[in-house]
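Chains as they are written, first to last, in my numbering: chain A, 1 to 120; chain B, 1001 to 1537. C-beta: ideal position from N, C-alpha, C; glycine also. Worksheet for the structure shown next.
Put into structure tokens, the structure is as follows:
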């Protein structure tokens, strides 16, 4: 289906296209079953940033307050891109790992399933 | 001397008939479809506008007389409230925080609704609905005014109310009500009236007025109760208009049925998502609670709404799509939003608190299947972090839903431990939604929603700071500047309730606890911060 409008060819502008973010792109990051962070977090990142740098430098600032964060064994983390499992290449850039502007990156830590048995 | 014979006084029915059936004329300079240019593009077919029956048959003189009398009473009560410093007679200073959400988030919707009905008053070719739309436009304007007047007394004493129009336009969580109404007002006239008069006013506003007007009464706010009651008689009329609109559209042409059903599906879901704000206000913000969100949803949607849609089945209308999800979610949404406000309290226009033991007991009694299991542990954990002097704060901006604009704070309907993600790709660009309901709305009209103004994305684009601020300055902090742009004074408007200026002033002025559920919380917090200052000095 498509919108009905007074003008038949109506199309809104892409309000958040990547060219408006000054060389950065947006990435939403969620730690599954850790609802101390009540929502996934949205950050601007350079598309050339290596995936390993995202893990080493960005994630601790975002999720470090959670007591389980320091216990994560990153070799065993399972990653999801657009809801599907994938194997990121730590040395490759975010873009080369298929993480485009406004993508969602999720990670799962099955051994650390959130606090109190309810994904907190 | 005037010897014109006095005209016979008309009956109300004759008066209304002359206003709505006799006052219009056939245009001769322009074809009718040039004058009413927005009435056809949505695909709605109207064969006979005179079949429109306004159940109230209001005329101008009756309207003026009746509303004038009501307003005299209302302003007498507001005057008395002000002379008696009624602002200090409410239950406690947390009630004021709910009032801030109401004035910044709901009252501007009354004004937006006024604008919408003015447009309908211009765009409908039929005189009956045009008059009804004009009457409602005046109602909505009055509601906006009386709410502002009723609440203005609070603005003399408490923070967070003075910049309400600016906050409505800019504050991140107020983009939810704002986008709701702007979505409706930028649709065609029939979608607008289905969205607002039927899906919102008829199906959902009982949920607003019931907890709000009775919540205000229960918490001692006579000023707000009065505007609630004053508006209530208009609301009854608006609801009747809503059901009348739906029946008129459905009876005019069978081709209208699927179009109207699509709008009901869309606007029920949009309205429901908007009301998450109310769920949290009912369960967490009213110091004296009226009923839980879950109870209200059962009565006003599952029972009353269920009966309504059973009645509409003869037109071929079914329950709104995804209504089952709202029942699955009713034990969760209010808690999930309060957890969100708590961790983003530094960026809110009102201070936030953790529920007391007694309040958690109330919540577990009202939510026996969900509260103790999923939510009590969170509050106890965060309370412990506060006690250790390391309160939990989420300093990163959230991912917002492209349609309802809430952060993605809702969990999967069948798994309250997992956030729901719904990703769409359209013209090569990715869009994130919070639920199947919002995703369906996006899929149906992607041309419209690509243009959504999402505050988080605007902040990152660098559009959210005041004129004169230099983003290249070494001490430029985009998040602090974004708060100022939104009308939120960092360190004043949001933060922790116990040490908030409203709480401190409340105790100084009234000699009563700012939080009746935690009577020593403000004094204890002040003592702790004074001790910390002495240590550092």
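Alpha-carbon spacing of residue 106 (chain A) relative to residue 1067 (chain B), whole angstroms: In a straight line, the C-alpha of residue 106 (chain A) is about 56 Å away from that of residue 1067 (chain B).
Start-to-end residues for the alpha helix (DSSP H) that takes in residue 1353 (chain B): Boundaries for residue 1353 (chain B): no alpha helix (DSSP H) harbours it, and the DSSP string shows neither H nor E there.
Residues near residue 21 (chain A) by beta carbon distance below 8 Å, same chain, minus five either side: Listed in chain order, the non-local C-beta contacts of residue 21 (chain A) below 8 Å within the same chain comprise 44 and 101, local neighbours out to five positions each way being set aside.
Residues sharing a beta bridge with residue 1422 (chain B), DSSP: In the DSSP output, where bridge partners are listed per residue, residue 1422 (chain B) has B:1433.
Spatially closest choice to residue 1238 (chain B) from B:1495, B:1137, B:1168 and B:1327, by CA coordinates: The residue with the shortest Cα to Cα distance from residue 1238 (chain B) is B:1137.
Status (buried if at least 16 other CB within 10 Å, exposed otherwise) for residue 1477 (chain B): Exposed, since its Cβ has fewer than 16 Cβ neighbours within 10 Å.
Element boundaries [beta strand (DSSP E), containing residue 1262 (chain B)]: Membership of residue 1262 (chain B) in any beta strand (DSSP E) is not indicated; the residue belongs instead to the alpha helix (DSSP H) covering 1256-1274.
Status (buried if at least 16 other CB within 10 Å, exposed otherwise) for residue 1064 (chain B): By the 10 Å Cβ count, residue 1064 (chain B) comes out exposed.
Beta-carbon neighbours of residue 1462 (chain B), restricted to chain A and to distances below 8 Å: Near residue 1462 (chain B) (Cβ distances below 8 Å), the residues of chain A are 22.
Opening and closing residue of the alpha helix (DSSP H) in which residue 1343 (chain B) lies: 1333-1343 is the extent of the alpha helix (DSSP H) around residue 1343 (chain B).
Helix, strand or coil at residue 1116 (chain B) [DSSP, three-state]: Residue state, collapsed to three classes: helix.
is_contact[residue 121 (chain A), chain B] using C-beta, thresh 8 Å: Past the boundaries of the shown model lies residue 121 (chain A); chain A is included only from 1 to 120, so the question cannot be answered.
Residue environment, residue 110 (chain A), which counts as buried when at least 16 other CB atoms sit within 10 Å: With fewer than 16 neighbouring CB atoms inside 10 Å of its own CB, residue 110 (chain A) falls in the exposed class.
For residue 1099 (chain B), the first and last residue of its enclosing beta strand (DSSP E): Boundaries around residue 1099 (chain B) are those of the alpha helix (DSSP H), 1093-1101, since no beta strand (DSSP E) includes it.
Cβ contact (3+ pairs, closer than 8 Å) linking the region 1244-1253 of chain B and the region 1146-1162 of chain B: The region 1244-1253 of chain B vs the region 1146-1162 of chain B: no contact.
Residue closest to residue 1405 (chain B), alpha-carbon to alpha-carbon, out of B:1269, B:1187, B:1524 and B:1509: Here the closest residue by C-alpha is B:1269.
Reference residue 48 (chain A), options A:112, A:98 and A:79, closest by Cα: Answer by Cα proximity: A:98.
Inter-residue CB distance, residue 1448 (chain B) and residue 3 (chain A) (contact presumed, cutoff 8 Å): With 8 Å as the limit, residue 1448 (chain B) and residue 3 (chain A) qualify as a contact, their Cβ atoms being about 5 Å apart.
Below-8 Å beta-carbon distance, residue 64 (chain A) vs any chain B residue: Closer than 8 Å to the CB of residue 64 (chain A) there is not a single CB belonging to chain B.
Helix, strand or coil at residue 109 (chain A) according to DSSP, with G and I counted as helix: Note: residue 109 (chain A) maps to coil in three-state DSSP.
Cβ-based neighbour list, residue 1071 (chain B), same chain, cut-off 8 Å, excluding 5 preceding and 5 following: These residues qualify, in order along the chain: 1142, 1146 and 1230.
Cα-Cα separation, residue 1310 (chain B) to residue 1303 (chain B): Their backbone Cα atoms lie some 11 Å apart in a straight line.
Cβ-Cβ distance between residue 1379 (chain B) and residue 1355 (chain B) below 8 Å: Going by C-beta atoms, residue 1379 (chain B) is nearer than 8 Å to residue 1355 (chain B).
Sub-8 Å separation of residue 1514 (chain B) and residue 1286 (chain B) beta-carbons: The answer is no: Cβ separation not under 8 Å.
Alpha-carbon to alpha-carbon, residue 1139 (chain B) and residue 1166 (chain B): The alpha-carbon of residue 1166 (chain B) is positioned some 23 Å away from that of residue 1139 (chain B).
Member of B:1235, B:1324 and B:1004 whose CA lies at the smallest distance from the CA of residue 1297 (chain B): The option with the nearest alpha carbon to residue 1297 (chain B) is B:1324.
Chain-ordered neighbours of residue 1394 (chain B) on chain A, where CB pairs are closer than 7 Å: For residue 1394 (chain B), the C-beta contacts it makes with chain A under 7 Å involve 37, in order along the chain.
Bridge partners - residue 1416 (chain B), DSSP secondary structure assignment: In the DSSP secondary-structure assignment, residue 1416 (chain B) is not bridged to any residue.
Cβ-Cβ distance between residue 1191 (chain B) and residue 1144 (chain B) below 8 Å: It is not a contact, given that the beta carbons lie outside the stated cut-off.
Beta-carbon contacts of residue 1059 (chain B) that lie in its chain and below 8 Å, excluding the five residues immediately before and after: So the qualifying residues of the chain are 1012, 1015, 1016 and 1019.
Ordered list of alpha helix (DSSP H) runs contained in the region 1003-1031 of chain B, each at least 4 residues: Counting only runs of 4 or more, we get 1012-1020.
Outcome for residue 16 (chain A) when other beta-carbon atoms lying within 10 angstroms are tallied against a minimum of 16: Under this definition residue 16 (chain A) is a buried residue.
Residue 28 (chain A), DSSP secondary structure in three states: If DSSP states are grouped into helix, strand and coil, residue 28 (chain A) belongs with the strands.
Contacts that residue 86 (chain A) makes with chain B (C-beta to C-beta distance below 8 Å): Chain B residues near residue 86 (chain A): none, gap ~14 Å exceeds 8 Å.
Cβ-Cβ distance between residue 1459 (chain B) and residue 1482 (chain B) below 8 Å: Closer than 8 Å, so yes.
Counted within 10 angstroms of its Cβ, other Cβ atoms place residue 1042 (chain B) as buried (16 or more) or exposed: It is buried - the Cβ of residue 1042 (chain B) has at least 16 other Cβ atoms within 10 Å.
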